[in-house]
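The numbers in my numbering rise by one with no breaks, and the one at position 57 of the sequence shown is 57. Note that beta-carbon positions come from the ideal geometry of N, C-alpha and C, so glycine has one too. Note that the structure is a prediction, hence the values are computed from the model and not measured.
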Amino acid sequence: MKRITTGTENFKEFIDKIYYYVDKTMLIDDVLSDKVMLYTSPRHFGKTLNMSMLYYFFSNKEKENAYLFEGLNVSKHQYLMLHQN
């Protein structure tokens, strides 16, 4: 059964502990297509969690964590998955 959490800022923890996660992985498409971005939102709207998700997707140090994106929206787009790690 999935759980609800507040205050968790680590993407890996969200996926591994099976918390409810609103899939925002298509942000990766925005990151790859824009030259300069500014994302603003109120406190507690997931900015740090999104940065953690981007880290796990793009970082060469996190190749063993590629499984985190299985079943998420980004995994349905092969052109985006070419940029993973």
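Leaving out five residues before and five after residue i in sequence, what residues of the same chain have Cβ atoms less than 7 Å from its Cβ?
i: phenylalanine 11; result: Leu49, Ser52, Met53, Tyr56 and Leu68
Taking the straight line between their C-alpha atoms, what separation do you get for residue i and residue j?
i: valine 74; j: aspartate 16; result: 18 Å
i: glutamine 78; j: glutamate 64; result: 19 Å
i: aspartate 29; j: leucine 38; result: 15 Å
i: phenylalanine 58; j: methionine 81; result: 10 Å
i: glutamate 70; j: lysine 2; result: 17 Å
Just grab the DSSP bridge partners of residue i for me.
i: tyrosine 19; result: Arg3
In its own chain, which residues sit with a C-beta less than 6 Å from the C-beta of residue i, not counting the 5 before and 5 after it?
i: methionine 26; result: Asn73
Hey, could you find the ends of the alpha helix (DSSP H) residue i is sitting in?
i: asparagine 98; result: Since the displayed the chain opens at 1 and closes at 85, residue 98 lies outside it and no answer follows.
Which same chain residues, not among the five before or five after residue i, have their C-beta less than 8 Å away from its C-beta?
i: glutamate 9; result: Thr48, Leu49 and Ser52
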